[in-house]
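Residue numbers (the numbering used here): -10 to 194.
In what follows, a structure is listed as structure tokens, so that the remarks can point back to it.
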């Protein structure tokens, strides 16, 4: 039975902003209708199943799990990890929880890899994250594509409050350090090449 409510009530129910709710409607994640006057929307709470448009009208397979994945970069961010988990569990009380400490640039995180392996094995049907960078800082589209190949959908709540800004700064600094180190290495090679060229020229003379 449909439960139609006002936009603000639906947003409060799911714990998201109105902008996110409208985006869910546009992507087909939740059904909406207009009042007889045509001036106001009403959202059907029971129609929201957390799947992408291709699966918007069917329930998740019973034999596949819903996994809530939460991540922070360091142990010092444990309170952030707990907030992520609490938020996810509040929305999906019966789902499995996977919490991990590791950088978003690190694709070798043990629990992350184990989760992808379970996706490949057909054990996981839906992965829910507070923000896309909780899975990975870059390459989210590839991870999403990979999961789709095995019938698994990724649901992103787009809750920026659960995406630590300090972690983003640290990731950017890591990238800058990586490139600066490479540039330094290239300068060393360039100096060696120029030196070798000078020696070759001197020998030829």
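Idealized CB from N, CA, C, for every residue including glycine.
Fair warning: this is a prediction, and the values are worked out from it, not measured in the lab.
Along the chain, where does the beta strand (DSSP E) that runs through residue i open and close?
{"i": "residue 144", "result": "142 to 145"}
{"i": "residue 78", "result": "Element bounds for residue 78: not the beta strand (DSSP E) but the alpha helix (DSSP H), 67 to 80."}
{"i": "residue 37", "result": "It is not in any beta strand (DSSP E) - residue 37 carries neither H nor E in the DSSP assignment."}
{"i": "residue 59", "result": "54 to 61"}
{"i": "residue 114", "result": "113 to 118"}
Go through its chain and collect everything with a Cβ distance to residue i's Cβ below 7 Å, but skip five positions before and after it.
{"i": "residue -7", "result": "22, 31, 32, 33"}
{"i": "residue 63", "result": "90"}
{"i": "residue 24", "result": "31"}
{"i": "residue 125", "result": "93, 96, 132"}
{"i": "residue 100", "result": "87, 89"}
Given residue i, which residues of its chain have a CB within under 8 Å of its CB, disregarding the five upstream and five downstream residues?
{"i": "residue 2", "result": "-6, 34"}
{"i": "residue -3", "result": "7"}
{"i": "residue 111", "result": "53, 139, 140"}
Taking its Cβ as the centre, do 16 or more other Cβ atoms sit within 10 Å of residue i, making it buried, or is it exposed?
{"i": "residue 28", "result": "exposed"}
{"i": "residue 102", "result": "exposed"}
{"i": "residue 119", "result": "buried"}
{"i": "residue 79", "result": "exposed"}
With residue i as the anchor, note down where its alpha helix (DSSP H) starts and where it stops.
{"i": "residue 126", "result": "It is not in any alpha helix (DSSP H) - residue 126 carries neither H nor E in the DSSP assignment."}
{"i": "residue -3", "result": "-4 to 3"}
{"i": "residue 22", "result": "Run containing residue 22: none in the alpha helix (DSSP H); it sits in the beta strand (DSSP E), 21 to 23."}
{"i": "residue 107", "result": "99 to 109"}
Compute every distance between the C-beta of residue i and the non-hydrogen atoms of the ligand GTP, then say whether any falls below 7 Å.
{"i": "residue 107", "result": "Here there are no bound small molecules, and the ligand GTP is not part of this structure."}
Would you call the region 83 to 96 in contact with the region 26 to 38, where contact means no fewer than 3 C-beta pairs closer than 8 Å?
no
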